[in-house]
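Single-structure report; data block below.
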Amino acid sequence: MQRRKFLTLAGGGVILAATAAVGKIATRSPTGAFEPWDNAGLRYTEPRMKALSYAILAPNPHNQQPWLVDLSAPDQVVLKVDPQRLLPHTDPLNRQITIGLGCFLELMVMAAAEDGFAVDLEVFPDGSDLTRLDERPVAIATFRADARIVSDPLFTHVMNRRSNKKPFDVTRPVAQGTITTIAASAIHGSRVTGDASVESVAALRQLTTEALIIEIDTPDTFKESVDLFRIGKAEIEANPDGIDFSGPMFETLGALGLMTREGTLDPKSTMFAQGKTAVLENTQTAMAHLWQTTPGNTRADQITAGRDWVRLNLAAAGARVDMQPLSQALQEYPEMEAHYRKAHQMLAREGETVQMLCRLGYGPQVGRSPRWPLEAKMI
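Quick note on numbering: the sequence shown equals residues 994 to 1372 in the working numbering.
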């Protein structure tokens, strides 16, 4: 399937003629960008560093990895946000970034428990602003040895967690019982619901497809994503964040200049049309959906959502079900307002905020996302 898309996008004759010249390039892999996965739990012995080596693997919007940590106080981790890693167009209120920080905290807590440490969290100890994140701490985490602490069974799935951005197999349904099991892994206070019924899947396929089209057709929001493209090994190694495109197809496209940010942004280009078709195939192959709500929408609620969100990811990995966030309809910019309202009418109870929405199904195996090393995230 990928080869067919590749030849259609780039032109079969061009690719075949260039195969010999780019053969070595096509086999390149950004191995350095995956080293944080290989080093997790192995490189460090200091309890906080060891726990943080897992926390940096947390899911987060556009793989921005917005966390900074200060370890200057004994037995404490002070978590702050990196102001250079916000998404002002698609996430103008920093809600999704905050959810990603909640994912980070939950993995840190789970990893600490593996070594017999409890972690006391004080979230936004100096207050917060609901319109933006600032220099104030997101959380202060205090580590303390506790012989009573027990491992979380979900932690065994940390290294296998993925967000699968490929089309799912439409011949393989997701059992409602499996969805219920995944939903039950949320323990911090968010409400999680999933549905694989034909009616629900059809309605949410339509909603998520329409919302994705709005994001692509809105110049500022689409450019925000395209600016974060990392095409091929060299770019991924230089900036192991953002939206990575690696593997033989993308290495070759990048080397030949057949995949560029400029071309992707041009609505008249074949590259734009092909890219749009490819991502819409994802929403249309959802076999079930899972969504998460909180009673309110404070920063603490958003951290709670993140802590439960990563648990849902781990539970899905344990059940061998693929998932991908489809949060476009939940974004708070003007062009998305009607779909934001519709999503809440469909999925939320009175007063609730829908924090996350994803598709479930069974897709092809996908690789790990690039990560900055822990040292790059320390203040």
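Each residue gets a CB set at the ideal place from its N, CA and C atoms; glycine is no exception.
{"Item": "In terms of residue numbering, what span does the beta strand (DSSP E) encompassing Q1069 cover?", "Value": "Q1069 to V1074"}
{"Item": "Return the chain-ordered list of same chain residues with a C-beta closer than 8 angstroms to the C-beta of A1310, the five sequence neighbours on each side being excluded.", "Value": "H1150, N1153, R1154 and R1155"}
{"Item": "Does the segment 1347–1363 come into contact with the segment 1260–1280, if we say contact requires no fewer than three beta-carbon pairs (one atom in each stretch) closer than 8 angstroms?", "Value": "yes"}
{"Item": "Applying the criterion that 16 or more other CB atoms from any shown protein chain within 10 Å of the CB defines a buried residue, is E1255 buried or exposed?", "Value": "exposed"}
{"Item": "Exposed or buried, what is Q1338 when buried is set at 16 or more other beta-carbons lying within 10 Å of its beta-carbon?", "Value": "exposed"}
{"Item": "Note down, in chain order, each residue of its chain lying with its Cβ closer than 8 angstroms to the Cβ of W1284, except the 5 sequence neighbours on either side.", "Value": "V1185, T1186, G1187, L1340, V1347, M1349, L1350 and C1351"}
{"Item": "Starting from R1184 and walking both ways along the beta strand (DSSP E), at which residues does that stretch end?", "Value": "R1184 to D1188"}
{"Item": "Span of the alpha helix (DSSP H) holding Q1169?", "Value": "Q1169 to A1176"}
{"Item": "Tell me the rounded alpha-carbon separation between Q1358 and K1159.", "Value": "9 angstroms"}
{"Item": "Would the segment 1161–1180 count as touching the segment 1123–1140 if we require 3 or more Cβ pairs under 8 angstroms?", "Value": "no"}
{"Item": "Give the straight-line distance between the Cα atoms of D1063 and E1107, rounded to the nearest whole angstrom.", "Value": "22 angstroms"}
{"Item": "Mind checking which residues open and close the beta strand (DSSP E) that includes F1222?", "Value": "F1222 to I1224"}
{"Item": "Could you give the distance in angstroms between the alpha-carbon of A1266 and the alpha-carbon of P1260?", "Value": "7 angstroms"}
{"Item": "DSSP three-state label for R1342, please.", "Value": "coil"}
{"Item": "To which residues of the same chain is T1124 closer than 7 angstroms at the C-beta, ignoring the five residues directly before and after it?", "Value": "L1086"}
{"Item": "Let me know the secondary structure DSSP gives T1286 once reduced to three states.", "Value": "strand"}
{"Item": "If we call anything under 8 angstroms between Cβ atoms a contact, is L1114 one with A1051?", "Value": "no"}
{"Item": "Helix, strand or coil for P1318? Go by DSSP, reduced to three states.", "Value": "strand"}
{"Item": "In whole angstroms, give me the CA-to-CA distance for Y1037 and I1133.", "Value": "21 angstroms"}
{"Item": "Where in the segment 1022–1110 do unbroken runs of the alpha helix (DSSP H), each at least 4 residues long, occur, reported from the N-terminal end onward?", "Value": "1028–1032, 1040–1048 and 1088–1107"}
{"Item": "Go through its chain and collect everything with a Cβ distance to A1010's Cβ below 8 angstroms, but skip five positions before and after it.", "Value": "Note that A1010 scores a pLDDT of 43, beneath 50, so its modelled location is shaky and nothing firm can be said."}
{"Item": "For the structure I just gave you, are there three or more beta carbon pairs, one from the segment 1240–1258 and one from the segment 1211–1225, closer than 8 angstroms?", "Value": "yes"}
{"Item": "Closer than 6 angstroms by C-beta to Q1296: which residues in its own chain qualify, once you throw out the five before and the five after it? Chain order, please.", "Value": "In the sequence under discussion, the amino acid at residue 1296 is Ile, which differs from the Gln named in the question. If we look at I1296 and ignore the five residues flanking it on each side, its Cβ neighbours are G1095 and V1116."}
{"Item": "By DSSP, does R996 sit in helix, in strand, or in coil?", "Value": "Its pLDDT being 41, under 50, R996 is placed unreliably in this model, and the coordinates cannot settle the point."}
{"Item": "Are there three or more Cβ pairs, one per stretch, closer than 8 angstroms when the segment 1361–1371 is compared with the segment 1042–1061?", "Value": "yes"}
{"Item": "If I measure Cβ to Cβ from V1303 and keep anything under 7 angstroms in the same chain, skipping five residues before and after, which residues do I get?", "Value": "A1051, P1052, C1096, E1099 and L1100"}
{"Item": "Exposed or buried, what is P1102 when buried is set at 16 or more other beta-carbons lying within 10 Å of its beta-carbon?", "Value": "Note that residue 1102 is Val in the sequence shown here, rather than Pro. Buried: at least 16 other Cβ atoms inside 10 Å."}
{"Item": "Please state the DSSP three-state secondary structure of F1136.", "Value": "strand"}
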